Amino acid sequence: MADRSVRFNMTELVRAAAISQGCDISACIKVEKLPEGDYNKVSLISLHGGHQVVAKVPNKNAGLPFYTTASEVATMNFVGLSSSIRSEDRVY
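So the sequence shown is numbered by numbering that gives the first Met the number 0: it starts at 0 and just counts up by one.
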């Protein structure tokens with residue numbers, strides 16, 4: 000079971016999310032665990048000012064990161080091309 004676990008520093012994850020939005024770590028209001036897929040552990044990080052960041056930490060047993068990311072990008076592109084979702088509504 001230890002081979003399937005991924006250890007990460009949640010404080011550092013929140014700091015990186017805040018910096019990505021031009022905020023300080025103190026801007027973090029809430030971290031919410033979201034439903035997971037096969038490839039990632041997912042959290043929604045809410046910051047002051049209405050900013051939200053989806054943070055994904057790869058599952059070690061999902062496969063090679065290059066292929067899992069390529070699969071996710073292909074899926075997002077397919078949905079974008081096959082639906083009425085406008086490009087400005089997509090999140091990358």
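For each residue, glycine too, the CB sits at the ideal point set by N, CA and C. These figures come from a predicted structure and were not determined experimentally.
Beta-carbon within less than 7 Å of Asn-39's beta-carbon, same chain only, minus the 5 sequence neighbours each way: which residues are those?
Lys-55, Val-56, Pro-57, Asn-58
Can you say whether Leu-80 is buried or exposed, counting buried as having 16 or more other CB atoms within 10 angstroms of its CB?
exposed
Suppose the cutoff is 8 Å on Cβ atoms and the five residues either side in sequence are ignored; what does the same chain contact list for His-50 look like?
Around His-50: Gln-20, Cys-22, Ala-26.
On the premise that Leu-46 lies in contact with Ile-28, defined as a C-beta separation below 8 Å, what is that separation, rounded to the nearest angstrom?
Between Leu-46 and Ile-28 the Cβ distance is about 6 Å, and since that is below 8 Å, they are a contact.
To the nearest angstrom, how far is it from the Cα of Arg-89 to the Cα of Thr-74?
Interpretation of Arg-89 is limited by its pLDDT of 49, a score under 50 that renders its predicted location unreliable; the figure taken from the coordinates is listed afterwards. The alpha-carbon atoms of Arg-89 and Thr-74 are separated by roughly 12 Å.
Judging by CA-CA distance, which residue of Ala-17, Ala-69, Glu-31 is the nearest neighbour of Lys-48?
One detail in the question is off: residue 48 reads as Gly in this sequence, not Lys. Here the closest residue by C-alpha is Ala-17.
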